[in-house]
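Step one of this worksheet: look at the structure below.
Protein chains: 2
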Amino acid sequence: MSDLILVVDDDEDIRNLLTFNLQREGYQTIEADDGAIALELVRSHHPSLILLDIMLPRVDGLAVCRELGKDRNTDSIPIIMLTARGDEVDRIVGFELGADDYVVKPFNTRELLLRVKAMLRRRGQSENEDPLLRCHSVCLDPQAHKVTINDKPVELTALQFCLLKDLMSNPGCVRSREELLSSVWDYQFEGYDRTVDTHIKRLRARLGDAADIIETVRGIGYRCKG
Amino acid sequence: MSDLILVVDDDEDIRNLLTFNLQREGYQTIEADDGAIALELVRSHHPSLILLDIMLPRVDGLAVCRELGKDRNTDSIPIIMLTARGDEVDRIVGFELGADDYVVKPFNTRELLLRVKAMLRRRGQSENEDPLLRCHSVCLDPQAHKVTINDKPVELTALQFCLLKDLMSNPGCVRSREELLSSVWDYQFEGYDRTVDTHIKRLRARLGDAADIIETVRGIGYRCKG
DNA sequence: AGTTTTGTGTCATTTGTGTGACAGCTTCTC
DNA sequence: GAGAAGCTGTCACACAAATGACACAAAACT
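Residue numbers (this note's numbering), protein chains in the order written: chain A, 92 to 317; chain B, 92 to 317.
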């Protein structure tokens, strides 16, 4: 479902910083601390994107870049280079190498995350397509963060919205409480099953007459009508 | 929609570097590797800005500058000169030439981009044909940098204007604080979420009765009525 | 019946937002 | 220059809303 990102840097602190932030944004991550391992991991895991430091032991970042560019299986994987000095950049980017973007250290985390997001969206590999979701009289607009029933707006809290969006994104599919907890709530929320029930109740209350688009599947979970 | 920038340099690597960065910032680019071609392209494409190296084959940068300055169709196009040595600058800045700014090689990419941005903003030629943005009683004119409510002018600071423009450019869409920070503030600004709140407050205060076109989406961000 | 599962109401706690205050800056004015 | 005025980013506080946990009622299944 979510994108896998390979983080390559020999500095463990930087890897931790990056993976922490990426995971918080819902990405999966793998790590390498030198270029040779990076190449192996790319071939075995096919990440959706690579964050690549230039200065690496054994095989350096530029070489990794060049190597990946030669292989048809890997040449379309977007690479964001991490570089220590601004003037290194001038020699690197856009040239014979396959780097698609770069960020100069010390980088701003928010900027980096935005670039990652933008890159994945551009490649159309992200789940970032936001069509309107419809189910009977209910219509959910992810961009505007709005829900309407028969074109009449309904007020939902952020959590209710996410919950409904999850259900409507999987019409006809049963979603177990565990699945909902892990997808709607934070990645490591020590949740209590019944919390889901409570929110389903609140969501149904807000949906009023349209509450029946959410079906209870006894013993399993909940389902949005398909 | 976006500005077209002509990049003139005989060094292909530098052209690549510049076009890469400009495109990343959303500009369109065309390239020339000598002065004669540059002049042709200016006349055929009417770019919004020119990045011009001084040392060029055939017709050099200074001559291009002078040439463009003579023609009423081209004399208002801003030119940023790229120059290798500091002492060349003295001749440029004398300004019998039409150069509006200059950057010394090896230049810092971010600095150059900022100058480009600033120049286009100053000339008000940015975002060719910006339509008026309207939302209920509020009308925002990006070119004139003016906002009116029921045709009565409202004083906004630059930041408030940018913020409102961002919101009104995405009517009905929720903009998260992160998105606003990265789009309204500088990319590198290590912002603090609540700063956005403060500016929203100030913006609403200026908007008076029309403040309700900016909706708070709790837990998500802000949205301009669609 | 009994057992399991789900729905609902309540409540303490957490979280998010609006707001005023303030210091550091820049810009303007004299 | 000096001083005033305005803009900006940060913070602390108060208030309102949302959340998560729990108890108990209701429903579904055996």
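The beta carbon of each residue, even a glycine, is placed where N, CA and C say it ideally should be. Keep in mind that this is a model prediction, so the values were computed, not measured.
Supposed close pair residue i, residue j - CB separation, criterion 8 Å
{"i": "Leu97(A)", "j": "Leu132(A)", "result": "6 Å"}
{"i": "Met210(A)", "j": "Ile171(A)", "result": "7 Å"}
{"i": "Leu294(A)", "j": "Leu254(A)", "result": "6 Å"}
{"i": "Lys316(A)", "j": "Pro233(A)", "result": "Incorrect: roughly 19 Å between the Cβ atoms, too far for contact."}
{"i": "Ala127(A)", "j": "Arg149(A)", "result": "5 Å"}
Residue i (DSSP reduced to helix, strand or coil)
{"i": "Thr248(A)", "result": "coil"}
{"i": "Ser139(B)", "result": "coil"}
{"i": "Asp125(B)", "result": "coil"}
{"i": "Glu103(B)", "result": "helix"}
{"i": "Asn219(A)", "result": "Confidence is the limiting factor: at Asn219(A) the pLDDT is only 46, short of 50, which leaves the residue's position unreliable, though a coordinate-based value still follows. Of the three classes helix, strand and coil, the one that applies to Asn219(A) here is coil, per DSSP."}
{"i": "Thr165(B)", "result": "coil"}
{"i": "Ile145(A)", "result": "coil"}
{"i": "Glu306(A)", "result": "strand"}
{"i": "Asp242(B)", "result": "coil"}
{"i": "Glu131(B)", "result": "helix"}
{"i": "Phe111(B)", "result": "helix"}
{"i": "Val150(B)", "result": "coil"}
{"i": "Gly317(A)", "result": "coil"}
{"i": "Glu158(A)", "result": "helix"}
{"i": "Glu202(A)", "result": "helix"}
{"i": "Gly318(B)", "result": "Nothing about residue 318(B) can be reported from this structure: the residues present for chain B run from 92 to 317 only."}
{"i": "Glu187(A)", "result": "Reliability of the predicted coordinates at Glu187(A) is poor, the pLDDT of 46 falling under 50, and the value obtained from them is presented with this limitation in mind. Of the three classes helix, strand and coil, the one that applies to Glu187(A) here is coil, per DSSP."}
{"i": "Asp288(B)", "result": "helix"}
{"i": "Asp277(A)", "result": "coil"}
{"i": "Asp300(A)", "result": "helix"}
{"i": "Cys253(A)", "result": "helix"}
Per DSSP, cross-strand counterpart(s) of residue i
{"i": "Ser267(B)", "result": "Gly312(B)"}
{"i": "Thr120(B)", "result": "Ile96(B)"}
{"i": "Tyr193(A)", "result": "Met172(A)"}
{"i": "Lys237(A)", "result": "Asp232(A)"}
{"i": "Arg225(A)", "result": "Cys230(A)"}
C-alpha distance - residue i paired with residue j, whole-angstrom precision
{"i": "Cys156(B)", "j": "Asp102(B)", "result": "19 Å"}
{"i": "Ile305(A)", "j": "Gly299(A)", "result": "11 Å"}
{"i": "Leu250(A)", "j": "Val275(A)", "result": "8 Å"}
{"i": "Ile308(B)", "j": "Thr289(B)", "result": "Residue identity check: residue 308(B) is Val in the sequence provided, not Ile. Spanning the two alpha carbons is a distance of roughly 15 Å."}
{"i": "Thr174(B)", "j": "Gly282(B)", "result": "34 Å"}
{"i": "Val238(B)", "j": "Ala235(A)", "result": "24 Å"}
{"i": "Gln114(A)", "j": "Thr120(A)", "result": "7 Å"}
{"i": "Leu336(B)", "j": "Ala301(B)", "result": "Because chain B in this structure spans residues 92 to 317, residue 336(B) falls outside the shown range and cannot be described."}
{"i": "Leu224(A)", "j": "Leu203(B)", "result": "43 Å"}
{"i": "Ser139(B)", "j": "Thr248(B)", "result": "26 Å"}
{"i": "Ala123(A)", "j": "Ala129(A)", "result": "5 Å"}
{"i": "Asp100(B)", "j": "Arg268(B)", "result": "40 Å"}
{"i": "Asp257(A)", "j": "Asn107(B)", "result": "43 Å"}
{"i": "Ser273(A)", "j": "Ile311(B)", "result": "19 Å"}
{"i": "Val229(B)", "j": "Leu109(B)", "result": "38 Å"}
{"i": "His136(B)", "j": "Tyr193(A)", "result": "30 Å"}
{"i": "Asp151(B)", "j": "Asp166(B)", "result": "17 Å"}
{"i": "Gly185(A)", "j": "Ile168(A)", "result": "Caution applies to Gly185(A), whose pLDDT of 44 falls short of 50 and renders its modelled position unreliable; the model cannot decide the point."}
{"i": "Asp284(A)", "j": "Val265(A)", "result": "15 Å"}
{"i": "Glu246(B)", "j": "Ala296(B)", "result": "11 Å"}
{"i": "Asp277(A)", "j": "Asp104(A)", "result": "23 Å"}
{"i": "Asp125(B)", "j": "Ser260(B)", "result": "39 Å"}
{"i": "Ile240(B)", "j": "Phe111(B)", "result": "40 Å"}
{"i": "Gly383(B)", "j": "Gly117(A)", "result": "In the structure as shown, chain B begins at 92 and stops at 317. Residue 383(B) is therefore absent and cannot be evaluated."}
{"i": "Thr286(A)", "j": "Arg314(A)", "result": "16 Å"}
{"i": "Val291(B)", "j": "Arg206(A)", "result": "Strictly speaking, residue 291(B) in this sequence is Ile, with Val absent from that position. In a straight line, the C-alpha of Ile291(B) is about 25 Å away from that of Arg206(A)."}
{"i": "Arg201(A)", "j": "Val195(A)", "result": "13 Å"}
{"i": "Lys208(A)", "j": "Pro222(B)", "result": "29 Å"}
{"i": "Asn199(A)", "j": "Lys161(B)", "result": "45 Å"}
{"i": "His227(B)", "j": "Asp303(A)", "result": "36 Å"}
{"i": "Phe252(A)", "j": "Leu271(B)", "result": "21 Å"}
{"i": "Asp94(A)", "j": "Asp242(B)", "result": "48 Å"}
{"i": "Leu153(A)", "j": "Pro244(A)", "result": "53 Å"}
{"i": "Ile141(A)", "j": "Phe280(A)", "result": "28 Å"}
{"i": "Asp191(A)", "j": "Arg134(A)", "result": "19 Å"}
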